[in-house]
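Numbering (this note's numbering), first residue to last: 828 to 1130. C-beta atoms are modelled at their ideal positions from N, C-alpha and C, and glycine is treated no differently. See structure below.
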């Protein structure tokens, strides 16, 4: 029994979700922790961090969030993996999740988004559409088609009425699952078996690369941005008053991106050569600050 579970994609995915949840617990569920572990955030995805469309599927906002998603994954995923095969399940799960997160990118652009709900709704949509297929095994039919309508309607209604629920991911995943359920047969041909295995390998490789890129991307921390901002403002204000600033204080500034690194270099040049002047540095800083407030809207605010 346990050997079968260890070979099951459903239980492997659930295990990875659990491991990342433990890392979230260690980090305290802060915005910085979630972003470091791969949460989706519109401006970061816009900047080229498309891997977050995948990594965000493995994170959860609390124990109940994790429990309900993993319960649904194990219950629905086990059925689909058994009926359709592991390769078809893996492709459908991640494709539904990615489409759900693309919808999130559009409708919840400035919100940190996490969770496997888009992928889970893809499984629901797949079983819902399976009720229209004649090649489904008889023992699966009672949990396909209209039998799932109450659950679908209830969850979508809850998403529209309750707060902090991402219905864009739900609907995106659900529609993707319905399309896949109508298009994919549980039956196999030899050629089809090879194609689906290749697709599964590609998907798994993309998932691994998504986490790999997460580790080599610049670390994202709203707190680090705020620290740099406040330190830079303090130095500018004291220079403007004619106070002496130690060179080591300027060197200790920790830039958070390319623009802030240029700002630091401008300060160094000003102290060494007198150029550029403080007005030019201040103008460049205010432009950087305006962009940061726009990019990290909802995470960083002016008080």
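- Per DSSP, the beta bridge partners of residue 867 are 940.
- Its chain contains 865, 878, 882 as the residues whose beta carbon lies nearer than 7 Å to that of residue 1041, once the 5 sequence neighbours on both sides are disregarded; these appear in chain order.
- In the DSSP annotation of this structure, the continuous segment of the alpha helix (DSSP H) that includes residue 905 starts and ends at 890 to 911.
- In terms of Cβ geometry, residue 920 and residue 950 form a close pair [threshold 8 Å].
- The Cβ atoms of residue 983 and residue 970 do not sit closer than 8 Å to each other.
- For residue 962, no alpha helix (DSSP H) run applies, since DSSP gives it neither H nor E.
- One alpha carbon belongs to residue 973, the other to residue 952, and they sit about 11 Å apart.
- Contact annotation, residue 1080 with residue 1105: C-beta distance approximately 16 Å; criterion of less than 8 Å not satisfied.
- Just so you know, the alpha carbons of residue 924 and residue 1085 end up roughly 32 Å apart.
- Note that the C-beta distance between residue 1072 and residue 1093 is not below 8 Å.
- Separation of residue 926 and residue 1082 (C-alpha to C-alpha, rounded to the nearest whole angstrom) is 34 Å.
- With contacts defined as CB atoms closer than 8 Å, residue 853 and residue 887 fail to qualify as a contacting pair.
- Of the residues 901, 1005, 957, the one whose Cα lies closest to the Cα of residue 836 is 901.
- With a minimum length of 4 residues, the unbroken runs of alpha helix (DSSP H) contained wholly in the stretch 986 to 1041 fall at 994 to 1010.
- Residue 867 and residue 931 do touch by the CB rule: their CB atoms are close to 6 Å apart, below 8 Å.
- With respect to the C-alpha of residue 1078, the residue from 1005, 1068, 1096, 1117 having the closest C-alpha is 1096.
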